[in-house]
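Written below as structure tokens is the structure these notes are about.
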Amino acid sequence: MMRIDLTAREEKPRLMIIPMIDIIFFLLVFFMMSMLTMVVQKSVPLTLPQASTAKVSMVENIPITVTADGAVYYEQEKMSLADLESRLWHQKQQGEVSVILRGDAAADYGKVVQVMDMIKNLGISKVYIATDTKG
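If you're matching positions, the sequence shown starts at 6 in this note's numbering and goes up one per residue.
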């Protein structure tokens with residue numbers, strides 16, 4: 006008579022890595038999306054003009070704002086053009102400077118050109134003009 010082995014074979018436990026990878030990617034996406042809502046952009050409120058070629062820059066830049074009433078802001082600090090020129094000159098002495106010029110759509114064009122001319126005279130070549138996308 007043939008003998009039947011009734012003892013069950015023990016299988017080694019296997020680590021199911023695919024579901025773990027799925028969960029890790031889900032958590033990564035969740036935290037990345039939740040961080041987008043936590044980033045606060047401190048700036049002077051204004052209405053930007055629209056352009057079809059508007060892009061978002063990930064580089065840290067110095068924001069200079071010209072409001073509709075002609076006021077000029079360095080980051081969030083209101084200042085005269087002479088003070089702004091002095092501040093930018095000191096920044097330029099510390100290293101390369103990149104400027105984002107934010108002009109309100111209703112701002113005086115001459116004031117925005119004055120600021121751009123002053124930036125150019127300081128030798129700052131990286132100047133970006135902030136716009137909103139059309140549509």
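Backbone N, C-alpha and C fix where the C-beta goes; we use that ideal spot for every residue, glycine too.
Residue i Cβ short of 7 Å to the ligand GTP heavy atom set
{"i": "Lys116", "result": "Questions concerning the ligand GTP fall outside what the structure shown contains, since it holds no ligand whatsoever."}
Contact set for residue i: own chain, Cβ-Cβ below 6 Å, skip 5 residues either direction
{"i": "Ser103", "result": "Asn66, Lys131"}
{"i": "Gly75", "result": "Asp113, Lys116"}
{"i": "Pro54", "result": "Ala110, Thr136"}
{"i": "Ile105", "result": "Asn66, Pro68, Tyr133, Ala135"}
{"i": "Val64", "result": "Any reading at Val64 needs caution, since the residue's pLDDT is 44, under 50, leaving its predicted position unreliable; the model's value is listed next. Contacts found: none."}
Continuous alpha helix (DSSP H) stretch holding residue i: start and end
{"i": "Ile124", "result": "114–126"}
{"i": "Ser103", "result": "Unbroken run through Ser103 is the beta strand (DSSP E), 103–108; no alpha helix (DSSP H)."}
{"i": "Lys97", "result": "86–99"}
Neighbourhood of residue i by C-beta distance below 8 Å, restricted to the same chain and skipping five residues each side
{"i": "Leu89", "result": "Ile69, Val77, Tyr79, Val120, Met123"}
{"i": "Pro18", "result": "none"}
CB contact below 8 Å: residue i versus chain D
{"i": "Leu127", "result": "Reference to chain D is not applicable here, since this structure consists of a single protein chain."}
With 16 other Cβ atoms within 10 Å as the buried cut-off, status of residue i
{"i": "Thr42", "result": "exposed"}
{"i": "Arg107", "result": "buried"}
For residue j and residue i, the rounded distance between their alpha carbons
{"i": "Thr138", "j": "Leu86", "result": "29 Å"}
{"i": "Trp94", "j": "Glu82", "result": "16 Å"}
{"i": "Gln84", "j": "Ile29", "result": "Just to set this straight, residue 84 is Met in the shown sequence, not Gln. Roughly 48 Å between the two C-alpha positions."}
{"i": "Val34", "j": "Val118", "result": "43 Å"}
{"i": "Gly100", "j": "Asn126", "result": "16 Å"}
{"i": "Val20", "j": "Ser39", "result": "It should be noted that the sequence gives Leu, not Val, for residue 20. Going by the C-alpha atoms only, they are around 30 Å apart."}
{"i": "Arg92", "j": "Gln98", "result": "10 Å"}
{"i": "Ala56", "j": "Ile129", "result": "23 Å"}
Range of the contiguous beta strand (DSSP E) that encloses residue i
{"i": "Ala131", "result": "The displayed chain sequence assigns Lys, not Ala, to residue 131. 131–134 is the extent of the beta strand (DSSP E) around Lys131."}
{"i": "Gly72", "result": "Per the sequence shown, residue 72 should be read as Thr rather than Gly. Neither: Thr72 is in no beta strand (DSSP E) and is coded neither H nor E."}
Cβ shell of residue i (< 7 Å), same chain only, five flanking positions each side left out
{"i": "Ser62", "result": "In this prediction, Ser62 scores a pLDDT of 47, lower than 50, which makes its location untrustworthy; the coordinate-derived value is nonetheless stated afterwards. Hits under 7 Å: Tyr133."}
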